[in-house]
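Below: the structure, in C-alpha cells.
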Amino acid sequence: MRRRGPEFRRPARRRLSYWICSLLGISIAAGFVLFFFQHHHQDRFRPPVWEKIPTDGNNYHGTIYLMQELLNSTSFSRQLADQVTLAKAYVIIAKDHNNLQLAWELRSQIRNGQGLLSQAAVMGKPITREKAHPIVSQLAQLIYKAQDFHYDIATTIAKLKSHTLALEEHAHAATVRSAKFGELATKAMPKNLHCFNIKLTEEWFRNPSLRKLSEEGRNSPRPVDNNLYHLYIFSDNVLATSVVVNSTASNADHPQQLVFHVVTDKVNYWAMTTWFLRNNFRGCTVKVLSMEELSWLNASSSPLIKQLVHAETWAYNIAGSSKDQSSETKLKDPNFASLLNHLRFYIPQIQPQLEKVVFLDDDVVVQKDLTPLFSVELHGNVIGAVETCLEAFHRFYKYLNFSNPVISSRFDPQACGWAFGMNIFDLVAWKKANITDKYHYWQEQNADQIVWKTGTLAPGLLAFYGVMEPLDRRWHVLGLGYDSDIDDRLIKSAAVVHFNGKMKPWLKLAISRIKICKCCSKLFRITTIIHEKRLCCANRTKKKECLFIMKQQLLGDKTPLIDYSHHLNHHVFLPDVLHLIQMFGLNVYAKAPQFQFDQCSGAMSASMCSLS
Numbered sequence: 200m201r202r203r204g205p206e207f208r209r210p211a212r213r214r215l216s217y218w219i220c221s222l223l224g225i226s227i228a229a230g231f232v233l234f235f236f237q238h239h240h241q242d243r244f245r246p247p248v249w250e251k252i253p254t255d256g257n258n259y260h261g262t263i264y265l266m267q268e269l270l271n272s273t274s275f276s277r278q279l280a281d282q283v284t285l286a287k288a289y290v291i292i293a294k295d296h297n298n299l300q301l302a303w304e305l306r307s308q309i310r311n312g313q314g315l316l317s318q319a320a321v322m323g324k325p326i327t328r329e330k331a332h333p334i335v336s337q338l339a340q341l342i343y344k345a346q347d348f349h350y351d352i353a354t355t356i357a358k359l360k361s362h363t364l365a366l367e368e369h370a371h372a373a374t375v376r377s378a379k380f381g382e383l384a385t386k387a388m389p390k391n392l393h394c395f396n397i398k399l400t401e402e403w404f405r406n407p408s409l410r411k412l413s414e415e416g417r418n419s420p421r422p423v424d425n426n427l428y429h430l431y432i433f434s435d436n437v438l439a440t441s442v443v444v445n446s447t448a449s450n451a452d453h454p455q456q457l458v459f460h461v462v463t464d465k466v467n468y469w470a471m472t473t474w475f476l477r478n479n480f481r482g483c484t485v486k487v488l489s490m491e492e493l494s495w496l497n498a499s500s501s502p503l504i505k506q507l508v509h510a511e512t513w514a515y516n517i518a519g520s521s522k523d524q525s526s527e528t529k530l531k532d533p534n535f536a537s538l539l540n541h542l543r544f545y546i547p548q549i550q551p552q553l554e555k556v557v558f559l560d561d562d563v564v565v566q567k568d569l570t571p572l573f574s575v576e577l578h579g580n581v582i583g584a585v586e587t588c589l590e591a592f593h594r595f596y597k598y599l600n601f602s603n604p605v606i607s608s609r610f611d612p613q614a615c616g617w618a619f620g621m622n623i624f625d626l627v628a629w630k631k632a633n634i635t636d637k638y639h640y641w642q643e644q645n646a647d648q649i650v651w652k653t654g655t656l657a658p659g660l661l662a663f664y665g666v667m668e669p670l671d672r673r674w675h676v677l678g679l680g681y682d683s684d685i686d687d688r689l690i691k692s693a694a695v696v697h698f699n700g701k702m703k704p705w706l707k708l709a710i711s712r713i714k715i716c717k718c719c720s721k722l723f724r725i726t727t728i729i730h731e732k733r734l735c736c737a738n739r740t741k742k743k744e745c746l747f748i749m750k751q752q753l754l755g756d757k758t759p760l761i762d763y764s765h766h767l768n769h770h771v772f773l774p775d776v777l778h779l780i781q782m783f784g785l786n787v788y789a790k791a792p793q794f795q796f797d798q799c800s801g802a803m804s805a806s807m808c809s810l811s
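In our numbering, the protein residues as written are 200 to 811.
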C-alpha cells in the first residue's frame with residue numbers, strides 16, 4: 200500500500216486560525232475598553248449649564264440671560280416655564296368645568312413660578328434646583344390631578360389649540376412692540392447727551408466771543424476753495440458728528456487741507472457751532488450751517504417739502520376721518536420726516552462752487568486717510584459707492600415695488616444695490632446729469648408710497664441709476680449696527696466703518712464685541728454717580744467730594760480714558776470731558792498740565808482740567 204504523502208496545507212490553516220482568534224480577542228478587548236470609558240463618561244455627565252453672562256445689574260442683560268436659559272432644554276428655567284404654560288391651559292379647562300378649587304390652586308402655583316422667572320430675569324442668575332423643585336413638584340401634582348378628572352379629549356384639544364393661538368398672537372404683538380421700541384431707542388437721545396447739548400446752547404448765548412468767531416468764519420474763503428478736500432455731514436447729533444470729524448482729521452496726512460460742511464437743524468445749530476468753535480481738530484476747518492438758512496428749499500422747489508406740508512395739513516385737519524393712512528405713515532416715519540436725511544440730494548445747491556465732495560453719515564468712524572478717495576477715477580459717473588450685492592437682500596427688488604410698471608419697465612430687479620454713508624460725488628457730472636431733477640421726479644412718482652416705502656436709499660438708487668462707479672469694498676464696511684458676526688479682518692482693513700442699523704455705538708443697544716469706545720459707559724456712569732449723589736448741582740459745599748469721585752473714577756487707575764477696542768484704531772469717540780463734567784454743574788477750567796488725557800487728541804480744546 201502506498202503511503203500517503205505529507206499534508207502541506209494544514210500548518211497554513213493552523214496559522215490562519217491563530218490569527219483569526221488573535222483578531223477576535225483584540226476586538227473583544229477593545230470593545231470592553233470602549234464600553235468602560237463610555238460608561239464612565241455617562242456617569243460623569245451633567246446637564247449642560249449656560250455660561251453666565253457678566254451683568255452690571257441691567258435688566259436688559261438679565262432678560263437676555265433668561266432667554267438663553269429657556270432655550271436650554273435641561274435647565275430648570277425651561278422646565279419651570281413649560282410647567283407654567285401647561286398649567287395655564289388646565290386653568291382654563293378647570294374653570295370651564297366649574298372646578299374653581301383646582302383652578303385656584305393652579306393659578307397660585309403659576310404666580311409663584313412666574314415670580315421666580317421674573318426674579319431670575321432681573322438678577323441675571325440661573326434658577327437653582329432648590330428654588331425650582333417645590334414649584335415644579337406642586338405643578339406636576341396639580342396637572343396629574345387635573346388629568347385624573349378625565350376631561351373630554353376634544354374639549355381639551357380645542358382649549359389647548361385656542362391657548363396656543365392666543366400665545367402666538369401675544370408673541371406677534373410683542374415682536375411688533377419690540378420693533379417699535381427699538382426704533383424709538385435708536386432715534387432717542389440719551390439724557391446725558393441731551394443735557395450736553397443744552398449746556399452748549401447755553402454757552403452760545405452767554406459767550407459773545409463765540410458769535411464773533413462764527414461771523415468771522417463765514418467770511419473765510421476756505422469753504423469754497425476747490426484746492427482743499429471738502430466733506431459733507433448732515434446730522435443733528437453733536438457727539439456723532441464730532442466722532443466723524445475727529446476720526447477723519449486724526450487719520451489724515453494733512454488735516455489742515457480738510458474742510459467739513461456740517462448741516463444741522465435750527466434746534467441743534469447753536470450747540471453744534473459752539474462745539475466746533477471751542478475745539479480744534481488738528482487744524483481742519485468746520486463750517487456749520489443751519490438748514491433753515493437754505494431759503495431756496497421750499498415747497499415750490501422741492502416735492503419732498505410739498506409732501507411734508509401736505510402730510511402735516513392732513514394730520515391737523517382730517518386725521519381720523521380719512522381711510523387713507525399713507526400720509527400718516529409718512530409723517531410718523533423719522534427717515535421721511537427728517538429733512539436732514541434728504542439734503543444729500545441738494546449738495547450742489549448748498550455750495551455751487553465746489554466740484555468734488557465726500558459725503559459721510561454721522562454713524563461712521565474713519566480709520567484711514569480719505570484724501571486718496573478724491574483721486575479715484577469715476578469714469579464720468581456722478582457717485583462712487585461700495586456695492587452691497589454680496590447678499591441677496593440688497594438687490595433692487597428688495598427696495599422698489601416692481602409691480603409698478605413705471606419701475607419694472609426701466610430697471611432690472613436683480614441689479615446690484617449700493618450703500619450711502621461714505622460716497623464721493625463729482626458735482627460737475629451731477630449738474631450735467633440733472634440728478635436733483637431726477638430725484639424730484641421720483642419723489643413725485645412716490646407721492647402715495649407706491650414706488651418705495653420710506654428712506655433715502657431707494658430714491659438714491661433711482662436717481663443715480665447708471666451713473667454709479669463701484670468702489671473697493673475696503674473703502675466702506677457696513678453692518679456694524681446690526682451684524683454681530685462681521686469679520687474682524689474686514690473691520691481692521693476698512694477705511695470707514697459704518698454703524699448702520701439700530702445698534703448705534705452711543706446707545707446701550709450697541710454690539711459689545713465691536714463697540715468703539717469701552718469707556719463710554721464708564722464715563723457716563725461717573726456722571727450718573729455725581730448726579731445721583733446731588734453733589735454738583737446747586738450744592739457747592741461738597742466740591743471736595745466731587746473732586747474725589749472724579750479722581751477716583753477717572754484717574755484712579757492707569758486705564759486710558761478713551762480706549763478703542765482692538766478691532767479699531769484708538770481715536771476719540773467721547774465728547775469733551777470738560778463739557779461732560781460741566782453738564783452736572785461743576786466749575787471746570789483749563790489750567791497748567793495736571794491730568795493729561797493723551798487719547799483725547801483732537802476732541803479737547805484743552806487737554807488738562809481741574810476743579811475749583
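Even glycine gets a Cβ: it sits at the ideal position worked out from N, Cα and C.
Around the Cβ of Asn645, are there at least 16 other Cβ atoms within 10 angstroms (buried) or fewer (exposed)? Translated into the one-based positions of the sequence shown, residue 645 becomes position 446. That one is buried.
Assign Arg481 to one of three DSSP states: helix, strand, or coil. Translated into positions along the sequence shown, residue 481 becomes position 282. In the structure shown, Arg481 sits in coil (DSSP, three-state: anything other than H, G, I, E or B).
Is the beta carbon of Ala331 less than 8 Å from the beta carbon of Phe275? Reading the sequence shown from its first residue, position 132 is the one you call residue 331. Reading the sequence shown from its first residue, position 76 is the one you call residue 275. Yes.
Taking Cβ to Cβ, would you say Ala293 is nearer than 8 Å to Leu316? Counted from its first residue, the sequence shown places residue 293 at position 94. Counted from its first residue, the sequence shown places residue 316 at position 117. Taking 8 Å as the Cβ cut-off, Ala293 and Leu316 do not qualify as a contacting pair.
Quick one, are the C-beta atoms of Leu438 and Trp705 less than 8 Å apart? Counted from its first residue, the sequence shown places residue 438 at position 239. Counted from its first residue, the sequence shown places residue 705 at position 506. Cβ atoms of Leu438 and Trp705: closer than 8 Å.
So, helix, strand or coil for Trp617, using DSSP? Numbered from its first residue, the sequence shown carries residue 617 at position 418. In the structure shown, Trp617 sits in a strand (DSSP, three-state: E or B).
Are the region 655-672 and the region 575-583 touching by the rule of at least three beta carbon pairs closer than 8 Å? yes
Buried/exposed call for Asp636, threshold 16 Cβ in 10 Å: Within the sequence shown, numbered from 1, the residue matching residue 636 stands at position 437. Exposed.
What does DSSP give as the partner residue(s) for Lys555 in the beta ladder? Numbered from 1 along the sequence shown, position 356 holds the residue referred to as residue 555. The partner list for Lys555 (beta bridge, DSSP) reads Asp625.
Give me whichever residues DSSP pairs with His332 in a beta bridge. Against the sequence shown, residue 332 aligns to sequence position 133. Per DSSP, none; premise fails for His332.
Length-filtered (3 minimum) beta strand (DSSP E) runs lying within the region 620-681: List check, beta strand (DSSP E) in window: 621-625 and 667-669.
Top-ranked residue by Cα proximity to Glu491, from Gln318, Ile549 and Pro502: Numbered from 1 along the sequence shown, position 292 holds the residue referred to as residue 491. Checking every option, the nearest Cα to that of Glu491 belongs to Ile549.
Using DSSP with H/G/I as helix, E/B as strand and the rest coil, what is Glu576? To locate residue 576, count along the sequence shown from 1; it is residue 377. In the structure shown, Glu576 sits in coil (DSSP, three-state: anything other than H, G, I, E or B).
State the Cα-Cα distance for the pair Arg306 and Gln340, rounded to the nearest angstrom. Position 107 of the sequence shown, counted from the first residue, corresponds to residue 306. Position 141 of the sequence shown, counted from the first residue, corresponds to residue 340. Rounded to the nearest angstrom, the two C-alpha atoms are 14 Å apart.
Please go through the same chain and pick out, in chain order, the residues whose beta-carbon is closer than 7 Å to the beta-carbon of Trp617, but skip the five residues on each side of it. As a working mapping, residue 617 is identified with position 418 in the sequence shown. The residues are Ala584, Val585, Glu586, Thr587 and Met667.
Closest to Cys403 by CA distance: which of Gly323, Val466, Ser449 and Leu427 is it? The count along the sequence shown starts at 1 and reaches residue 403 at position 204. First, the residue type needs correcting, since residue 403 is Trp and not Cys in the sequence shown. Checking every option, the nearest Cα to that of Trp403 belongs to Val466.
Minimum length 3: unbroken beta strand (DSSP E) runs contained in the region 441-469: 457-463
Out of Tyr640, Gln346 and Ile432, point me to the one whose CA is closest to Leu542's CA. What you label residue 542 is simply residue 343 of the sequence shown in a count that begins at 1. Checking every option, the nearest Cα to that of Leu542 belongs to Ile432.
Is Lys390 helix, strand or coil when you go by DSSP? For the purposes of this step, residue 390 is identified with residue 191 of the sequence shown, where counting begins at 1. Residue state, collapsed to three classes: helix.
Three-state secondary structure assigned by DSSP to Pro407: Numbered from 1 along the sequence shown, position 208 holds the residue referred to as residue 407. Three-state DSSP puts Pro407 in a helix.
Is His697 helix, strand or coil by DSSP? Within the sequence shown, numbered from 1, the residue matching residue 697 stands at position 498. Strand, per DSSP.
Going by DSSP in three states, Ser413 sits in which element: helix, strand or coil? As a first step, residue 413 is located in the sequence shown; it is residue number 214 there, counting from the start. Reduced to three states, the DSSP call for Ser413 is helix.
As a quick exercise: from Lys379, Arg310 and Trp629, pick the residue whose alpha carbon is nearest that of Val290. In the sequence shown, the residue the question calls residue 290 occupies position 91. Taking only the C-alpha atoms, the option nearest Val290 is Arg310.
Whose CA, out of Tyr343, Asn396, Arg277 and Leu689, lies closest to the CA of Ala470? As a position in the sequence shown, residue 470 is number 271, starting the count at 1. Looking at the Cα atoms, Asn396 is the closest of the given residues.
Thinking C-alpha only, which one of Asn603, Phe475 and Ile606 is nearest Leu399? For the purposes of this step, residue 399 is taken as the residue at position 200 of the sequence shown. Selected option, being the one with the closest Cα: Phe475.
Taking the C-alpha atoms as reference points, what is the distance between Asp682 and Lys701? One-based indexing of the sequence shown puts residue 682 at position 483. One-based indexing of the sequence shown puts residue 701 at position 502. Cα-Cα distance, rounded: 10 Å.
From Ala451 to Gln566, what does the alpha carbon distance come to, in whole angstroms? Locating residue 451 in the sequence shown gives position 252, where the first residue counts as 1. Locating residue 566 in the sequence shown gives position 367, where the first residue counts as 1. Rounded to the nearest angstrom, the two C-alpha atoms are 9 Å apart.
The beta strand (DSSP E) with Leu430 in it runs from where to where? Looking up residue 430 in the sequence shown gives position 231. Its beta strand (DSSP E) spans residues Tyr428 to Phe433.
Cα-Cα separation between Thr363 and Gly314, rounded to whole angstroms: One-based indexing of the sequence shown puts residue 363 at position 164. One-based indexing of the sequence shown puts residue 314 at position 115. Whole-angstrom Cα-Cα distance: 22 Å.
Identity of the residues DSSP links to Arg277 by a beta bridge: Within the sequence shown, numbered from 1, the residue matching residue 277 stands at position 78. Paired residue(s): none; Arg277 is not in a bridge.
Beta bridge counterpart(s) of Glu586 as assigned by DSSP: In the sequence shown, residue 586 corresponds to position 387, counting from 1. Answer by DSSP bridge pairing, in chain order: Trp617.
Between Gly416, Thr284 and Asp424, which has its C-alpha nearest Leu366's C-alpha? Reading the sequence shown from its first residue, position 167 is the one you call residue 366. Here the closest residue by C-alpha is Thr284.
Does DSSP classify Val564 as helix, strand or coil? Reading the sequence shown from its first residue, position 365 is the one you call residue 564. In the structure shown, Val564 sits in a strand (DSSP, three-state: E or B).
Relative to the C-alpha of Thr484, which residue among Gln455, Ala693 and Leu493 is closest? Position 285 of the sequence shown, counting from 1, holds the residue named residue 484. Closest by alpha carbon: Gln455.
State the DSSP-derived secondary structure class of Arg609, mapped to helix, strand or coil. For the purposes of this step, residue 609 is taken as the residue at position 410 of the sequence shown. Under the three-state reduction of DSSP, Arg609 is assigned to coil, being neither helix nor strand.
Secondary structure at Ser307, three-state DSSP: helix, strand or coil? The residue given as residue 307 occupies position 108 in the sequence shown. Reduced to three states, the DSSP call for Ser307 is helix.
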